[in-house]
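Okay, so here's the structure we're looking at.
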Amino acid sequence: NNPMAIYEMGPSAASIEYFMVNWMLEKVGWTKAPTDIGKLSQGDFGGGVLTNGGSLANLTALIAARTHAIPDIWENGNPGNLAILAPESCHYSIKRAAGILGMGHHSVYHMKTDKKGVVLPDALPGLVSEIRAEGKKIIALVASACSTGFGLYDPLEEIGKFTNQENIWFHVDGAHGASALISNTYKTLLKGVQRADSISWDAHKLLRVPALCAAVLFRNHT
Ligand SMILES: *Cc1c(COP(=O)(O)O)cnc(C)c1O
Numbered sequence: 450n451n452p453m454a455i456y457e458m459g460p461s462a463a464s465i466e467y468f469m470v471n472w473m474l475e476k477v478g479w480t481k482a483p484t485d486i487g488k489l490s491q492g493d494f495g496g497g498v499l500t501n502g503g504s505l506a507n508l509t510a511l512i513a514a515r516t517h518a519i520p521d522i523w524e525n526g527n528p529g530n531l532a533i534l535a536p537e538s539c540h541y542s543i544k545r546a547a548g549i550l551g552m553g554h555h556s557v558y559h560m561k562t563d564k565k566g567v568v569l570p571d572a573l574p575g576l577v578s579e580i581r582a583e584g585k586k587i588i589a590l591v592a593s594a595c596s597t598g599f600g601l602y603d604p605l606e607e608i609g610k611f612t613n614q615e616n617i618w619f620h621v622d623g624a625h626g627a628s629a630l631i632s633n634t635y636k637t638l639l640k641g642v643q644r645a646d647s648i649s650w651d652a653h654k655l656l657r658v659p660a661l662c663a664a665v666l667f668r669n670h671t
């Protein structure tokens, strides 16, 4: 519980966080941050922070996605036409984040799913054109890996191909199930996860850390 805004306020905890985040980045298949401080200003590498739970990790990722889409948002506020795509089966923290972000719950559009709540990627192009035709700007698409209710993983590879092509920020809510990445048997459930821009990963769920502890990771640290 040290204040962690800068390294000097909590040097040992900040170092552990740095190495922990790097370990997780590698598991996702992203480039880890250099440990040589002189190299920190160069190159493309991932980044992340530990948060007090997956809900805060999701909120943090969506704040980053929104700033990426609208770089002057901190100065001028929400333009009022922002949209997020997520399956109806997504965790309640996604809608809550939209509320906290001042975008409103109605800015979350539901992607088509099968009856167990798994996203159907073939329906995405149609939905995205429809939303854009309404004059909306999509700041992020959120998929679950896995969903809280059914424990099922959305097809990240197909969704990621689409978001990369359409230049839409892809957030993977892996709060519940990203820990499958450390299993050689089950990591295939997250196939395609490297295509995402951000991922939430709870250590207090499948990693069995006894206190609330989550991470939000980014493919690109900037
Ligand atoms: C548990 C969970 C979260 C976040 O929950 P916290 O209690 O805030 O860690 C987010 N998404 C999914 C899919 C979850 O299962």
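When we follow the numbering used here, the leftmost residue of the sequence shown carries the number 450, and every step to the right adds one. For each residue, glycine too, the CB sits at the ideal point set by N, CA and C.
Under the three-pair Cβ rule at 8 Å, the stretch 557-567 does not count as touching the stretch 517-529. Apart from sequence neighbours up to five positions away, the residues of its chain that approach Leu630 with a beta-carbon distance below 7 Å are Lys476, Val477, Lys636, Leu639, ordered along the chain. Counting only residues of its own chain and dropping the five nearest sequence neighbours on each side, Phe599 has a CB closer than 6 Å to the CB of Lys565, Gly566.
The C-alpha of Ser556 lies about 17 Å from the C-alpha of Thr509. Contact check between the stretch 487-502 and the stretch 528-535: fewer than three CB pairs, one atom from each, fall below 8 Å, which does not count as touching.
Within the model, the alpha-carbon separation for Tyr541 versus Leu605 is close to 20 Å.
Per DSSP, the unbroken beta strand (DSSP E) holding Ala535 starts and ends at 531-536. Nearest to Ala582 by alpha-carbon distance, out of Leu569, Ala624, Asn530, Asp571, is Asn530. For Trp650, the uninterrupted beta strand (DSSP E) run begins and ends at 647-651, by DSSP. Following the DSSP letters along the chain, one finds Met560 in no alpha helix (DSSP H) but inside the beta strand (DSSP E) bounded by residues 557-560. For Thr509, the shortest C-beta to heavy atom distance toward ligand 1 is 8 Å or greater.
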